[in-house]
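Colleague: Sharing a structure below in structure tokens format, with a few things to ask.
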Amino acid sequence: MYSRNYPSRLLQDAVDELSSLPGVGRKSALRFALHLLKQPVDNVERFGQSIIRLSKETKFCKYCSMISDNDICDICRDAKRDTTIICVVENVRDVISIENTMQYNGLYHVLGGIISPMDGVGPAVSNAIFDAIGVRLRELPVLPEKVWKGIQEKNAR
Ligand SMILES: [Zn+2]
């Protein structure tokens, strides 16, 4: 179908997909698509493959839920880490921010956005995880829903 806005269906499809990214409007999406069109096909293939592999091959660490290339992430496998400290964070971006400061040497537990600190329950969840499992977090897969349910039950008593 001919579109008044785009001279090509292929261009329109690319703009549709690119503009589905957070913070990318249709103008920016068009700019990206036209930029990609000017690149050598090898570069565009590498670009596309990295996104496909990100989606298909990314794993989540079985201990801390951090994004990882393996079943256990590099942080949890690092023998130099202080395993007595666990920082409970909302999402992967928090881990990346903290790691970039190079000031923290403990482990993490990524809640994965299921419970947001913005909802005011973050500290309660953190405390519950520490109380419930402390340093043994590495060996126990703890679901935030389970912890939250535990808090509610405890408060109901
Ligand atoms: Zn991990």
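Residue numbering for the sequence shown follows this note's numbering, beginning at 1 and increasing consecutively. Where a beta carbon is used, it is the ideal one built from N, C-alpha and C, also for glycine. None of the values given here were measured: they were computed from a predicted structure.
#1: Per DSSP, Asp-16 forms a beta bridge with which residues?
#2: Where does Ser-28 fall in DSSP's three states?
#3: Does the Cβ of Ser-65 have 16 or more other Cβ atoms within 10 Å, making it buried, or fewer, making it exposed?
#4: Can you give me the start and stop residues for the alpha helix (DSSP H) that Cys-76 sits inside?
#5: Could you pull out every residue in the same chain whose Cβ sits closer than 7 Å to the Cβ of Ala-29, ignoring the five residues on either side in sequence?
#6: Starting from Gly-23, trace the beta strand (DSSP E) both ways and give me its first and last residue.
#7: Taking the DSSP output, what are the residues bridged to Gly-106?
#8: Just checking, does the stretch 82-94 make contact with the stretch 44-56 on the three C-beta pairs under 8 Å criterion?
#9: Around ligand 1, what residues have a beta-carbon under 5 Å from a heavy atom of it, in chain order?
#10: What span of residues does the alpha helix (DSSP H) with Asp-94 cover, start to end?
#11: Within the continuous alpha helix (DSSP H) that includes Asp-42, where are the two ends?
#12: Would you tell me roughly how many angstroms separate the C-alpha atoms of Glu-99 and Glu-57, rounded to the nearest one?
Modeller: So, from the listed chains and residues:
#1: Beta bridge pairing from DSSP links Asp-16 with no other residue.
#2: helix
#3: Ser-65 should be labelled buried.
#4: 74-77
#5: Once the five neighbours on either side are set aside, the close Cβ partners of Ala-29 are Val-15, Leu-18 and Ser-19.
#6: It is not in any beta strand (DSSP E) - Gly-23 carries neither H nor E in the DSSP assignment.
#7: Asp-82
#8: no
#9: Cys-61, Tyr-63, Cys-64, Met-66, Cys-73 and Cys-76
#10: 92-101
#11: 41-57
#12: 23 Å
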